[in-house]
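Let me begin by presenting the structure, written as structure tokens, before commenting on it.
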Amino acid sequence: MKRAHSNFGIVAGIALSATFASAQAVSEASREALRSEDRGRLTAALAEYEARAAALGVEDLRALAQAMRDVRVQREAAPELHAALRALAQEHPNQTLGRQARARAAELEEQRRLVQLRRVSEELRAQGAGGVDQWVAVARRSVELNLGRGLSNAEVIDATVLDLGQVFNTRAQLRIHLGEYQRTIHRLPGHDPLLDELLADLERRPDVGFAGYGIDREDTDFRAELHDGTSNQVFHSNFFLVLGYAVGKKDPRWAHNVNLFHETLERHGGTSVPDWRASAVGIEVGRGLRELREAGGDPRRIPAILGAAFSREPERYTHPWGSEGPDYTQLVDQVQAESRERARHPRGPSLAGRAVSRVQEGLIRGLNGVYGDGGTQR
124 MKRAHSNFGI
134 VAGIALSATF
144 ASAQAVSEAS
154 REALRSEDRG
164 RLTAALAEYE
174 ARAAALGVED
184 LRALAQAMRD
194 VRVQREAAPE
204 LHAALRALAQ
214 EHPNQTLGRQ
224 ARARAAELEE
234 QRRLVQLRRV
244 SEELRAQGAG
254 GVDQWVAVAR
264 RSVELNLGRG
274 LSNAEVIDAT
284 VLDLGQVFNT
294 RAQLRIHLGE
304 YQRTIHRLPG
314 HDPLLDELLA
324 DLERRPDVGF
334 AGYGIDREDT
344 DFRAELHDGT
354 SNQVFHSNFF
364 LVLGYAVGKK
374 DPRWAHNVNL
384 FHETLERHGG
394 TSVPDWRASA
404 VGIEVGRGLR
414 ELREAGGDPR
424 RIPAILGAAF
434 SREPERYTHP
444 WGSEGPDYTQ
454 LVDQVQAESR
464 ERARHPRGPS
474 LAGRAVSRVQ
484 EGLIRGLNGV
494 YGDGGTQR
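Quick note on numbering: the working numbering labels position 211 of the sequence shown as 334, and the sequence is numbered without any gaps.
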């Protein structure tokens with residue numbers, strides 16, 4: 124995915140060059156006001172934008188929207204562009220134009236939030252953090268930002284799961300693979316309607332935020348039995364978390380069958396026992412987050428759950444919100460125990476589940492001997 128180098132001069136200049144003839148000068152004035160924290164100068168600069176925004180027509184706004192789609196903004200749009208759109212939405216006498224401006228302003232806000240989440244991963248990676256640490260930190264920031272949007276707990280959990288999918292899997296990957304599930308297995312009787320809702324939400328989201336492939340370090344912070352020797356285990360595990368969340372409420376067997384298919388018959392998937400285990404844990408963690416959603420539970424539990432389920436040092440995640448925040452020691456102990464049990468028996472701890480797990484592990488190891496693995500077998 125290409126990273127578009129975008130700022131107000133590029134985006135607004137492309138879309139609104141005829142209307143914003145002196146946009147660069149106003150932009151510099153606003154930036155100077157921001158730097159100096161001089162509210163009077165800032166107000167004057169934004170008032171200039173409001174005056175220009177009020178002169179915009181429907182075609183101008185459409186051009187701006189098209190420019191935003193074309194460049195796939197990977198960096199945050201300048202604050203001045205947000206201000207111009209907000210002023211247009213609030214002040215313009217044309218109600219249709221105002222509604223369109225509100226929609227574009229909301230899209231920019233969504234872009235900014237997803238870019239912030241991507242930067243959390245990038246900055247931690249630059250400091251040498253492992254994959255689980257990045258995963259947990261992005262989840263924490265996502266929950267924090269989504270709580271600030273005035274959403275219900277269930278809506279925050281939905282948004283956070285999709286945020287994790289966009290940052291670690293890409294919006295395109297989620298749409299392709301969840302869409303394939305929707306077109307096939309999901310058509311069976313008794314399907315879970317949440318998948319339809321999440322896919323509809325993905326359609327509305329901007330295509331930004333991906334942190335990249337291979338984000339983990341060689342001495343990973345994943346537990347050994349969940350790591351296949353590659354640097355891409357967050358990508359793999361997080362997808363199955365999203366799948367378990369979206370479709371595993373009533374019957375997780377199909378999600379686990381997708382995991383088995385990926386590790387046996389899907390030729391680009393590889394044949395890796397650690398991948399199979401990590402995916403099984405991801406599915407069950409996703410199902411646990413779904414239960415949290417249905418119960419209206421506190422989304423601040425999500426970072427602790429992720430760290431407990433996947434990290435080789437789960438005790439580090441008992442206080443993900445700091446010493447003054449909730450103590451999740453008991454939760455971490457519980458999730459860690461369940462995760463280790465699931466890794467030992469990916470198809471469940473019952474007698475039947477253990478038997479099926481042994482057969483499937485033997486199949487994956489056998490195919491590994493024929494085709495090679497998707498990583499280092501353990």
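Note that beta-carbon positions come from the ideal geometry of N, C-alpha and C, so glycine has one too.
By alpha-carbon positions, which one of Arg-248, Ala-431 and Ser-244 ends up nearest to Phe-345? For the purposes of this step, residue 345 is taken as residue 222 along the sequence shown, with counting starting at 1. For Phe-345, the nearest C-alpha among the options comes from Ala-431.
Residue range of the alpha helix (DSSP H) that includes Ala-263: The count along the sequence shown starts at 1 and reaches residue 263 at position 140. Residue 263 is actually Arg in this sequence, not Ala. Annotation for Arg-263: the continuous alpha helix (DSSP H) segment containing it runs 254-270.
Beta-carbon proximity of Val-259 to Asp-286, cut-off 9 Å: Counting from 1 along the sequence shown, the entry for residue 259 is found at position 136. Counting from 1 along the sequence shown, the entry for residue 286 is found at position 163. In this structure, Asp-286 does not lie closer than 9 Å to Val-259 by Cβ.
For Val-404, the nearest candidate out of Leu-388, Thr-387 and Phe-433 (CA to CA): In the sequence shown, counting from the first residue as 1, residue 404 sits at position 281. Nearest option by C-alpha distance: Phe-433.
Member of Arg-340, Gly-409 and Phe-384 whose CA lies at the smallest distance from the CA of Lys-372: Within the sequence shown, the letter at position 249 stands for residue 372. Ranking Arg-340, Gly-409 and Phe-384 by Cα distance to Lys-372 puts Gly-409 first.
Of the choices Gln-457, Pro-437 and Arg-423, whose alpha-carbon is the least far from that of Trp-444? If you number the sequence shown from 1, residue 444 lands on position 321. Nearest option by C-alpha distance: Arg-423.
Alpha carbon to alpha carbon, what distance is there between Arg-400 and Arg-467? Looking up residue 467 in the sequence shown gives position 344. Looking up residue 400 in the sequence shown gives position 277. Distance between the alpha carbons of Arg-467 and Arg-400 is about 8 Å.
CA-CA distance, Arg-327 and Gly-251? Mapped onto the sequence shown, residue 327 falls at position 204. Mapped onto the sequence shown, residue 251 falls at position 128. When rounded, the distance between both Cα atoms is 34 Å.
Cα-Cα separation between Tyr-451 and Ile-428, rounded to whole angstroms: In the sequence shown, residue 451 corresponds to position 328, counting from 1. In the sequence shown, residue 428 corresponds to position 305, counting from 1. Roughly 9 Å between the two C-alpha positions.
Under the three-state reduction of DSSP, which class applies to Glu-151: helix, strand or coil? Position 28 of the sequence shown, counting from 1, holds the residue named residue 151. Reliability of the predicted coordinates at Glu-151 is poor, the pLDDT of 46 falling under 50, and the value obtained from them is presented with this limitation in mind. DSSP places Glu-151 in helix when its eight states are reduced to three.
Restricting to Cα atoms, I'd like to know which of Val-365, Glu-436 and Ala-249 is closest to Ile-280. Indexing the sequence shown from 1 puts residue 280 at position 157. Closest option to Ile-280, Cα to Cα, is Val-365.
Using the Cα positions of Val-482 and Tyr-304, report the straight-line distance between them to the nearest angstrom. Position 359 of the sequence shown holds residue 482. Position 181 of the sequence shown holds residue 304. Cα to Cα, Val-482 sits roughly 25 Å from Tyr-304.
Please state if the CB of Val-284 and the CB of Leu-412 are separated by a distance shorter than 9 Å. The residue labelled residue 412 in the question sits at position 289 within the sequence shown. The residue labelled residue 284 in the question sits at position 161 within the sequence shown. Going by C-beta atoms, Leu-412 is nearer than 9 Å to Val-284.
In its own chain, which residues sit with a C-beta less than 8 Å from the C-beta of Arg-298, not counting the 5 before and 5 after it? Position 175 of the sequence shown, counting from 1, holds the residue named residue 298. Leu-322, Leu-325 and Glu-326, listed in sequence order.
What is the DSSP secondary structure of Ser-275, counted as helix, strand or coil? Start at 1 with the first residue of the sequence shown, and residue 275 comes out as number 152. DSSP places Ser-275 in coil when its eight states are reduced to three.
Straight-line CA distance for Phe-362 to Trp-377? Position 239 of the sequence shown, counted from the first residue, corresponds to residue 362. Position 254 of the sequence shown, counted from the first residue, corresponds to residue 377. Whole-angstrom Cα-Cα distance: 15 Å.
Other residues of its chain near Val-458: CB distance less than 6 Å, five sequence neighbours each side excluded: Walking along the sequence shown from the start, residue 458 turns up at place 335. So the list reads Ile-428, Ala-431 and Ala-432, once near-sequence residues are dropped.
So, using beta-carbon positions, are Asn-355 and Gly-367 closer together than 9 Å? Looking up residue 355 in the sequence shown gives position 232. Looking up residue 367 in the sequence shown gives position 244. No; because the gap between Cβ atoms is not below 9 Å, this pair is not in contact.
Rounded C-alpha distance that separates Arg-272 from Leu-240: Counting from one through the sequence shown, the residue named residue 272 turns up at place 149. Counting from one through the sequence shown, the residue named residue 240 turns up at place 117. If you take the alpha carbons of Arg-272 and Leu-240, they lie about 15 Å apart.
Residues bridged to Phe-345 (per DSSP): Against the sequence shown, residue 345 aligns to sequence position 222. Residue pairing from DSSP places Phe-345 in a beta bridge opposite Ser-434.
Report the three-state DSSP secondary structure of Ser-244 (helix, strand or coil). Position 121 of the sequence shown holds residue 244. Of the three classes helix, strand and coil, the one that applies to Ser-244 here is helix, per DSSP.
Distance between beta carbons of Gly-332 and Gln-296, contact taken as under 8 Å: Locating residue 296 in the sequence shown gives position 173, counting from the first residue. Locating residue 332 in the sequence shown gives position 209, counting from the first residue. Under the criterion of beta carbons closer than 8 Å, Gln-296 and Gly-332 do not qualify as touching, at roughly 12 Å.
Would DSSP call Ala-418 helix, strand or coil? Translated into the one-based positions of the sequence shown, residue 418 becomes position 295. Coil, per DSSP.
Go through its chain and collect everything with a Cβ distance to Asn-491's Cβ below 8 Å, but skip five positions before and after it. Counting from 1 along the sequence shown, the entry for residue 491 is found at position 368. Closer than 8 Å at Cβ, skipping near neighbours: Thr-394, Ser-395, Val-396 and Gln-500.
Where Arg-294 and Leu-237 are concerned, what is the direct C-alpha to C-alpha distance, given to the nearest angstrom? Here residue 294 refers to the residue found at position 171 of the sequence shown. Here residue 237 refers to the residue found at position 114 of the sequence shown. Spanning the two alpha carbons is a distance of roughly 11 Å.
Residues of its chain near Gly-302, where Cβ-Cβ distance is below 8 Å and the 5 sequence neighbours each way are ignored: Position 179 of the sequence shown holds residue 302. Excluding residues within five positions, the ones whose Cβ falls inside 8 Å are Leu-322.
Does Ala-228 pass the burial test, meaning 16 or more other C-beta atoms within 10 Å, or should it be called exposed? As a first step, residue 228 must be located in the sequence shown, where it is residue number 105. Buried, by the Cβ-count rule.
Buried/exposed call for Arg-263, threshold 16 Cβ in 10 Å: Within the sequence shown, the letter at position 140 stands for residue 263. With 16 or more Cβ atoms within 10 Å of its Cβ, Arg-263 is classed as buried.
Return the Cβ separation of Gln-234 and Ser-244 in integer angstroms, given the expectation that the two are a contact with Cβ distance under 8 Å. Against the sequence shown, residue 234 aligns to sequence position 111. Against the sequence shown, residue 244 aligns to sequence position 121. Not really, about 16 Å apart at Cβ, beyond 8 Å.
Tell me whether Leu-347 is buried or exposed, calling it buried when 16 or more other Cβ atoms sit within 10 Å of its Cβ. For the purposes of this step, residue 347 is identified with residue 224 of the sequence shown, where counting begins at 1. Correcting the residue type first, residue 347 is Ala in the shown sequence and not Leu. That one is exposed.
Closest residue to Pro-469 among Gly-419, Val-381 and Ser-446 (Cα-Cα distance): Start at 1 with the first residue of the sequence shown, and residue 469 comes out as number 346. Of Gly-419, Val-381 and Ser-446, the residue nearest in Cα terms is Val-381.
Return the CA-CA distance between Ala-478 and Leu-383, expressed in angstroms with no decimal places. Taking the sequence shown and counting its residues from 1, one reaches residue 478 at position 355. Taking the sequence shown and counting its residues from 1, one reaches residue 383 at position 260. Rounded to whole angstroms, Ala-478 to Leu-383 spans 15 Å at the Cα level.
Let me confirm a value: Asp-374 is counted as buried when at least 16 other C-beta atoms fall within 10 Å, else exposed. Which label applies? By 1-based counting over the sequence shown, the position of residue 374 is 251. By the 10 Å Cβ count, Asp-374 comes out exposed.
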